[in-house]
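Structure, as structure tokens:
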Amino acid sequence: MKFALARALIIARREYLTTVRRKMFVFSLLLTPGLIFLSTMLSKGGADEARKLARHERVVALVDSSGVFANAPAHFSLVVPADAPAARAAATRAADASPQVVPLVARRFTSQREALDSLNAGTVNTAVVVAANYLESGHVRRYEHDTRAFTETADDRAIRTWLTRSLLQPTTDSTHIDRSLALDRPIDLFVPNREGHYQLKDDSRELFAFFFPFAIALLLSVAIVSGGQYLLQGVAEEKETRILESMLCTVTPGELMVGKLIGLGGAGLTLVGVWLVLGLTAASGMLATMQIEVSPVLVALGITYFVLGYLFYASIMTGLGAIANNLREAQQFAIVFTMMNFIPFYGLTQILNSPRAPVTRFFSLFPPTAPTTMMLRLSVSSVTGAEVPSWEIATSIGLLALTAIAALLASAKIFRIGLLLYGKTPNMPEIMRILRQR
Amino acid sequence: MLEARQVRKVYDTRAVVNDVSFEVNPGEIFALLGPNGAGKTTLIRMITDILKPDGGTITLNGKPLTGPNRPRISYLPEERGLYKKVPVLDALSYYGELKDLSPRDARAAAVALLEEFELAAWAKKQVQALSKGMQQKLQLCTALIGEPSLLILDEPFSGLDPINVQLLEDVLRRRRAAGSTVLLSTHQMNKVEQQCDRALMINRGHMVLYGKVGDIRRQHAEHAFLVEGGDVPSGVPGVRATERVNGSVKITLERAAQPSQVLRALLERGVAVNGFTPVIPPLEDIFVNVVVTGAGLDKGRSGPPTIDQEPLLGGAR
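For the protein sequence lines, the chains are L and B, in the order given.
Residues in the first sequence are numbered consecutively from 0, following numbering that gives the first Met the number 0.
Residues in the second sequence are numbered consecutively from 0, following numbering that gives the first Met the number 0.
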């Protein structure tokens, strides 16, 4: 029977509607962004709270056994400058941006015990004990009642700055003190851009510029896997419940398979699409501030890799669903292939730091890992000068396309025969025999 | 008309269907018989184009089973399932659309079938809410929707109560009257005798019986008659053995004896003969005999006769 697209689309429509109406789909659709939103709010709330606490006046009990800090002022305020260039720029752009000010009041104590008693009594926030041989040893201790998992760096910095100023004040003028304190922060780094001109390396902006395509790569990977999982589940269940044999009289295995690929791929894409729209809406303000731009070429390549990657993995999942005896067995087989898709994320550091390393290039060309690796490399490329050669992209897409088509054809054959095999999962020689069969 | 010629399917080196040839005429209910593992399902899967034959041809109305003929065939396999979590009407309409009906026509056809099978009250319920027997009827509806010209039913009566069996028989008769061709695979031989015009039996992939159901039974009849009336005395010329059966006497004739001469001899001996009818075995006995004795297999192996040459094959004579 000739392939009839109309029938494939009828199947696609049914598969899509059945899947998106499932409780589990709706649950995933809403719960995942809900959880992300909740964790973001909790994290933001924690950060805000820490910042608010840092702005409160902190009372420091100073036990200076060395006498080096005898002239340290009793009142001090640290103005915390932004570290990274982008943060400085953002602070300048943002209307409500104000530098963080950490006020500090020092009370002198003659013994560590008294200072700690005050700390325990809650009359001071911090006790700083300077060793008698400070100039030789540099030993300083800080005592606090801190139950936070990570200590707010601003607290430490305020005390360090206060001590440094007090230490240098007798011998150095304030300008030199300011400059030496500024050297505690990273020095602005200039690196060549794509055009070869040196420009300020902006880590924060790069992070955002990288994060956006990275998030798309991750979401596409999730879409590929979720679409493939729906296929695996659908085919295995339908085989188990013996629905398909009567249908194969009316539709060809090709129509059935293409219909499922379109319908369930669409469901996976819907899932990710909704997440993406929600994510973009939530992050639109930040993206506008950071002036992030994604090139149309990157978008086109993303779509190409998604389509081919989905075709490859979905074909494999369909074949697995057709040969497995039941859903549980099918899922056990599928784990290996699902993990393959995520291998590049396990080697993320390698890809980020060495986008041209042989192993990175291999994963960019190896079809099962090509979609994710190449999208990650392109993400890196979009913010650094480490451009991916065109021939590598073309070869990667070509290899992936050929493998995807081969997987589709093989899977169609396995699908046709595998659906009729009940009670026994074929072994590899039997699968090879199926592939050779007419 | 469905026509299969020299159809062959080989798995590894084993021929599971071996040069099978037959015809199914329009408006006919045709039985496909055979013991388990005989090759019936493989043959059906080749007719439905799910499997490709390794040899021979299968045509419907003179055309191969590809292209526009395909949607005109419906198949209800023995092992069958339904989408469970969808309304009954939607499930059935979906099958209609796959058979090239427009959504509106598919829905109308589904409604009509649900009424015919007394399932209309369940149209909006989910399939999983139906009883097993109702699901069985719904499965039949999925095969019938789209008015197929060839309907292949594998054990359609299994799981149905006597009332629904009657309902299905009526439906099949109506379909036949409307010109549909039905290929029925079943182990219920009484249904074959009641419903089917002709039959094909395969054993171990070979054709072993083929022809009109009545002809098959007659040709497998023993050389025996049932005498209703009085007792049959011993020593009647031409009678080899007698046996009392339900108040009548079954007489088995000698090979060369003519029934008319034996009847005359009985009357001459004063036997009150109220009835003298040939003993025709039920199809079930023929089936068992053919399978147990392996009759017809040798003939099949040496190359089966074509449809035009010999309408009836094998059987114990």
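Beta carbons are placed, not taken as given, at the ideal position from N, Cα and C, and that holds for glycine.
The criterion of a C-beta distance shorter than 9 angstroms is satisfied by Asn340 (chain L) and Gly308 (chain L).
With its beta carbon less than 9 angstroms from one in chain B, Ser245 (chain L) belongs to the interface.
When 8 angstroms is used as the limit between beta carbons, Ala142 (chain B) is near these residues of chain L: Ser245, in chain order. With fewer than 16 other CB atoms across the displayed protein chains lying within 10 angstroms of its CB, Leu29 (chain L) is exposed. Within chain L, not a single residue places a beta-carbon under 9 angstroms from that of Thr12 (chain B); the smallest gap is close to 12 angstroms.
Just measuring C-alpha positions, the residue of L:Leu375, L:Ile334, L:Thr39 sitting nearest Asn352 (chain L) is L:Leu375. The region 15-26 of chain B and the region 221-230 of chain L do not touch, with fewer than three beta-carbon pairs separated by less than 8 angstroms. Contact residues of the region 315-342 of chain L toward chain B are absent (C-beta to C-beta distance below 8 angstroms).
Within the same chain, and ignoring the five residues on either side of Leu219 (chain L) in sequence, the residues whose Cβ sits closer than 6 angstroms to its Cβ are Phe305. By the rule that beta-carbons nearer than 9 angstroms mark a contact, Val19 (chain L) does not touch chain B. Just so you know, the alpha carbons of Ala321 (chain L) and Ala299 (chain L) end up roughly 33 angstroms apart. The DSSP-derived three-state label of Lys123 (chain B) is coil. Non-local C-beta neighbours of Thr41 (chain B) in its own chain, meaning closer than 6 angstroms and more than five positions away in sequence, comprise Lys8, Val15, Val16, ordered along the chain.
At a cut-off of 9 angstroms, the C-beta of Leu59 (chain B) has no neighbouring C-beta in chain L.
Neighbours of Val250 (chain L) in chain B, taken as residues at a C-beta separation under 8 angstroms, are given in chain order as Leu97. Under the three-state reduction of DSSP, Ser353 (chain L) is assigned to coil, being neither helix nor strand. Residues of chain B with a Cβ closer than 7 angstroms to the Cβ of Ile9 (chain L) are, in chain order, Glu96, Leu97. Against chain L, a Cβ distance below 7 angstroms from Leu75 (chain B) picks out Ser245. Taking the CA atoms as reference points, Leu100 (chain B) sits about 7 angstroms from Gly145 (chain B). Annotation: the continuous beta strand (DSSP E) that includes Met200 (chain B) extends over 197-202.
Contact note: Thr47 (chain B) reaches chain L through Leu247, Cys248, using a C-beta cutoff of 8 angstroms and chain order. By the rule that beta-carbons nearer than 9 angstroms mark a contact, Lys39 (chain B) does not touch chain L.
Closer than 9 angstroms to the CB of Ile201 (chain B) there is not a single CB belonging to chain L. Pairing Leu112 (chain B) with Leu137 (chain B), the inter-Cα distance amounts to about 9 angstroms. Contact annotation: the region 323-331 of chain L does not touch the region 241-249 of chain L, with fewer than three C-beta pairs closer than 8 angstroms. Closer than 9 angstroms at the C-beta level to chain B, one finds no residue of the region 361-386 of chain L. Minimum Cα-Cα distance from Pro428 (chain L) among the listed residues B:Val6, B:Asp11, B:Ala3 corresponds to B:Asp11. In this structure, the alpha-carbon of Tyr133 (chain L) lies about 15 angstroms from that of Asn70 (chain L). Counting the other Cβ atoms within 10 Å of the Cβ of Arg13 (chain B) gives fewer than 16, which makes it exposed.
Scanning its chain for C-beta atoms nearer than 6 angstroms, with the 5 sequence neighbours on each side dropped, one finds around Ala220 (chain B) the residues Pro277, Ile279, in chain order. Pro232 (chain B) sits away from Val261 (chain B), with the two beta carbons spaced by 9 angstroms or more.
Going by DSSP, Val191 (chain B) is part of no beta strand (DSSP E) but of the alpha helix (DSSP H) stretching over 188-194. Residues of chain L with a Cβ closer than 7 angstroms to the Cβ of Leu81 (chain B) are, in chain order, Ile242. Contact between Val181 (chain B) and Arg174 (chain B) holds, with the beta-carbon distance rounding to 6 angstroms and staying under 8 angstroms. The CB of Tyr93 (chain B) comes closer than 7 angstroms to the CB of Arg13 in chain L, given here in chain order.
In the structure shown, Thr303 (chain L) falls within a helical segment according to DSSP collapsed to helix, strand and coil.
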